[in-house]
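K.L.:
Numbering (the numbering used here), first residue to last: 115 to 175.
#1: I need the straight-line Cα distance from residue 152 to residue 137, nearest angstrom please.
#2: Counting along the chain, where does the alpha helix (DSSP H) carrying residue 155 start and finish?
#3: Give the straight-line distance between the Cα atoms of residue 161 and residue 115, rounded to the nearest whole angstrom.
#4: Given this structure, state the Cα-to-Cα distance separating residue 155 from residue 145, to the nearest angstrom.
#5: Is residue 115 helix, strand or coil when you go by DSSP?
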């Protein structure tokens with residue numbers, strides 16, 4: 115049986131990844147997209163950066 119990369123990728127995502135979905139107001143999304151572009155961040159980079167900032171804030175308090 116040959117290696118099926120697409121099947122492997124699907125199975126990997128099922129085991130190791132989770133989606134994070136939110137509903138934003140349209141104007142909030144426009145503002146977020148502008149900020150992400152300005153700071154050259156992807157959505158996932160922004161979420162990871164936010165998590166780190168919250169951890170730092172908690173550690174400081």
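Every residue gets a Cβ at the ideal spot worked out from N, C-alpha and C, and that includes glycine.
P.N.:
The answer reads as follows:
#1: Mapped onto the chain shown, residue 152 falls at position 38. Mapped onto the chain shown, residue 137 falls at position 23. Distance between residue 152 and residue 137, taken at the CA atoms: about 22 Å.
#2: Working through the chain shown from its first residue, we reach residue 155 at position 41. First-last for residue 155: undefined, no H or E at that position.
#3: Against the chain shown, residue 161 aligns to sequence position 47. Against the chain shown, residue 115 aligns to sequence position 1. Distance from the CA of residue 161 to the CA of residue 115, rounded to the nearest whole angstrom, comes to 39 Å.
#4: Numbered from its first residue, the chain shown carries residue 155 at position 41. Numbered from its first residue, the chain shown carries residue 145 at position 31. Cα-Cα distance, rounded: 13 Å.
#5: As a position in the chain shown, residue 115 is number 1, starting the count at 1. In the structure shown, residue 115 sits in coil (DSSP, three-state: anything other than H, G, I, E or B).
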